[in-house]
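K.L.:
Please find one structure pasted underneath; my questions will follow.
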Amino acid sequence: MTSITDDTSLPDAPAPTQGSPLATAHTQLASAVEILGYDAGQHQMLATPRREIHVAVPLRRDSGETVLFHGFRVQHNISRGPGKGGLRYAPGVDIDEVRALAMWMTWKCGIVDLPYGGAKGGVAIDPRDYSTAELERVTRRYTSEIMPMIGPDTDIMAPDMGTDEQTMAWVMDTYSVNRGYTIPAVVTGKPLAVGGSRGRGTATSAGIVHVTAAALEEAGVPLTDVTVAVQGFGKVGSHAAAIFAARGARVVAVSDQYGGLRNDAGIDVDRLFAHVGATGSVVGFDGADALSNNDLMGLEVDVLVPAAVEGVLDEDSAARVRARWVVEGANGPTTTGGDAVLARNGVTVVPDVLANAGGVVVSYFEWVQANQTYWWSEEEIADRLEQRMKSAFADVSALARRESISLRDAALVIGIKRTAEAHTTRGLYP
Ligand SMILES: NC(=O)C1=CN([C@@H]2O[C@H](COP(=O)(O)OP(=O)(O)OC[C@H]3O[C@@H](n4cnc5c(N)ncnc54)[C@H](OP(=O)(O)O)[C@@H]3O)[C@@H](O)[C@H]2O)C=CC1
Ligand SMILES: O=C(O)CCC(=O)C(=O)O
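Residue numbers (full-length UniProt numbering): 1 to 430.
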């Protein structure tokens with residue numbers, strides 16, 4: 001098989017590791033920059049994060065022992081508005097991963113036309129190994145250390161892998177206590193009790209289902225006729241599975257990091273939620289057969305939704321995909337090589353920066369509501385989300401058809417062009 005390499009040839013930047021999320025993000029950017037005809041200076045400006053912070057996060061454990069974690073926050077771009085993006089707790093977090101995730105946030109916010117740039121944060125910690133009290137202390141210390149970078153007008157956090165609405169409540173409280181008054185708009189994805197928005201918890205997943213339905217509609221296939229496999233049963237994957245099932249699709253496989261499940265007649269997702277609530281994993285659910293994560297990728301389904309970690313669809317695993325549509329719930333699940341294989345095999349990929357943008361769309365609604373201190377109904381949020389996702393999908397799809405490019409290139413061209421236009425309009429290229 002031909003080996004596809006990542007473009008890491010930017011002047012003046014150390015080359016990211018081949019196949020890493022940052023290498024993938026740089027290659028994607030290079031492809032869109034070529035389509036847009038931008039020069040090397042513009043390319044470099046788009047590739048380079050505006051600000052980064054690396055902090056040490058000490059934790060006194062419940063046992064009395066002290067341990068130290070590394071934390072990061074990257075503002076990739078702030079030309080269209082404040083930096084916006086999640087906070088990740090995972091053992092493998094490093095600065096390059098956060099740089100990639102921050103860059104994808106910039107394009108994502110551009111694609112759904114939000115008045116934000118892109119940012120992301122992370123702490124290299126496995127949250128499963130720590131008590132709630134320990135995670136609260138880590139979160140408060142991390143927040144204190146990055147205080148100079150964040151704020152409701154500068155950089156607004158939200159949950160990502162390994163964090164949740166409780167994490168956001170701790171960030172908001174730490175920030176507010178330091179400022180001396182309550183500032184709900186410094187984070188989104190927080191609990192309703194402290195100014196969260198209705199619908200944020202399921203927004204990413206609802207957005208995934210909206211764009212899947214739109215992609216299927218273009219092919220004349222009703223959502224009720226398809227089978228779906230979802231990798232990852234966390235905040236995004238679990239609700240995506242539930243919403244697919246509620247809208248009449250047949251969810252035949254799901255997985256988490258411990259393993260997967262398959263039931264060709266359709267998994268009872270509500271009952272699975274109860275099982276995961278009780279055991280912490282999908283494994284052992286009595287309503288389906290066991291399946292490995294690897295095998296899930298190669299299942300004969302209509303729609304495959306990777307909703308866990310980056311890089312799961314590389315050249316080898318992509319070659320085994322038998323789905324007709326891959327809808328990227330996770331950020332960066334497909335490597336450059338994997339993308340080429342999927343394209344060659346006629347698989348339509350709805351890219352992450354479009355497919356999972358529902359989360360940041362409702363985060364934006366939450367921020368607007370917090371700034372106005374006026375709260376919208378569940379229906380208003382659901383309608384506005386659906387409208388924005390459908391409209392973004394229609395724009396991306398129309399461009400892809402017009403220019404005979406992939407949905408990923410089309411989405412990136414739209415997001416990158418909006419960002420570059422902000423640069424030129426603000427006078428950076430006089
Ligand atoms: N939360 C959000 O609003 C948004 C999230 N995303 C992206 O979606 C993805 C998932 O995020 P989110 O659901 O929030 O994260 P969570 O931490 O809530 O869930 C992650 C899920 O992935 C599973 N997982 C972890 N590692 C593996 C692995 N190697 N193989 C299979 N499954 C694995 C976890 O399993 P286990 O439960 O066993 O730990 C868990 O089910 C990430 O890429 C994130 O960046 C994108 C947009 C918005
Ligand atoms: O809701 C947000 O602000 C960002 C969510 C996120 O981290 C993402 O879209 O990857």
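Don't be surprised by glycine CBs; every beta carbon is placed ideally from N, CA and C. Note that the structure is a prediction, hence the values are computed from the model and not measured.
(1) Counting C-beta neighbours from all protein chains within 10 Å, is the total for GLU421 16 or more, i.e. buried, or is it exposed?
(2) Would you be able to state if there are at least three C-beta pairs under 8 angstroms between the segment 63 to 81 and the segment 46 to 53?
(3) Tell me the DSSP bridge mates of ILE53?
(4) Tell me which residues share the same chain as SER205 and place their Cβ nearer than 7 angstroms to its Cβ, disregarding the 5 neighbours each side in the sequence.
(5) In three-state DSSP terms, what is TRP170?
(6) Taking C-alpha atoms, which residue in ASN356, ASP409, TRP367 lies nearest to ALA185?
(7) Measuring from the CB of THR204, is there a heavy atom of ligand 1 at a distance below 6 angstroms?
(8) What first and last residue would you give for the alpha helix (DSSP H) that runs through TRP104?
(9) Between ARG418 and the rest of its own chain, which residues show a CB-CB distance below 6 angstroms, the 5 nearest in sequence each way excluded?
(10) Find out if the Cβ-Cβ distance for the pair GLU328, ALA355 is shorter than 7 angstroms.
(11) Do you know offhand how far THR8's Cα is from GLY41's?
(12) How many whole angstroms separate the CB atoms of residue 453 and VAL361, which I take to be in contact at a CB cut-off of 8 angstroms?
(13) Can you find at least 3 beta carbon pairs, one from the segment 225 to 236 and one from the segment 320 to 334, that sit closer than 8 angstroms?
(14) Expressed to the nearest angstrom, what Euclidean distance is found between the alpha-carbon atoms of ILE150 and MET157?
(15) Is DSSP giving MET1 helix, strand or coil here?
(16) Just the C-alpha distance for PHE285 and ILE183, rounded to the nearest angstrom, thanks.
(17) Report, in whole angstroms, the separation of the C-beta atoms of ARG200 and THR188, which I expect to be a contact under 8 angstroms.
(18) Considering only DSSP beta bridges, list what TYR89 is partnered with.
(19) Among ARG402, SER397, ALA30, ARG426, which has the Cα closest to the Cα of ALA215?
(20) The alpha helix (DSSP H) that contains ARG367, what's its start and end?
(21) Terminal residues of the continuous beta strand (DSSP E) containing GLY260?
(22) Along the alpha helix (DSSP H) that carries SER391, what are the first and last residues, could you check?
(23) Going by beta-carbon coordinates alone, are ALA249 and LEU223 separated by less than 7 angstroms?
(24) What is the residue span of the alpha helix (DSSP H) that THR139 lies within?
P.N.:
Checking against the coordinates, here is how it stands:
(1) exposed
(2) Here the segment 46 to 53 makes contact with the segment 63 to 81; the two share three or more CB pairs at distances below 8 angstroms.
(3) ARG73
(4) VAL236, HIS239, ALA240, ILE243
(5) helix
(6) TRP367
(7) Remark: the C-beta of THR204 is in contact range of ligand 1, defined as less than 6 angstroms to any heavy atom.
(8) 95 to 111
(9) GLY110
(10) It is a contact, given that the beta carbons lie within the stated cut-off.
(11) Confidence at THR8 is low in this model, with a pLDDT of 49, below 50, so the placement of that residue should be treated as unreliable; the coordinate-derived value is given next. Using only the alpha carbons, I get a separation of about 15 angstroms.
(12) As shown, the chain starts at 1 and ends at 430. That puts residue 453 outside it, with no answer to give.
(13) yes
(14) 8 angstroms
(15) Confidence in MET1 is poor, its pLDDT being 35 and thus under 50, which makes the residue's placement too unreliable to answer from.
(16) 42 angstroms
(17) 7 angstroms
(18) Beta-bridge pairing by DSSP links TYR89 to VAL123.
(19) SER397
(20) Before going further, note that residue 367 is Trp rather than Arg in the sequence given. Here the alpha helix (DSSP H) through TRP367 covers 358 to 372.
(21) 259 to 262
(22) 378 to 403
(23) Between ALA249 and LEU223, the C-beta gap is smaller than 7 angstroms, which places the two residues in contact.
(24) Segment 132 to 146, the alpha helix (DSSP H) holding THR139.
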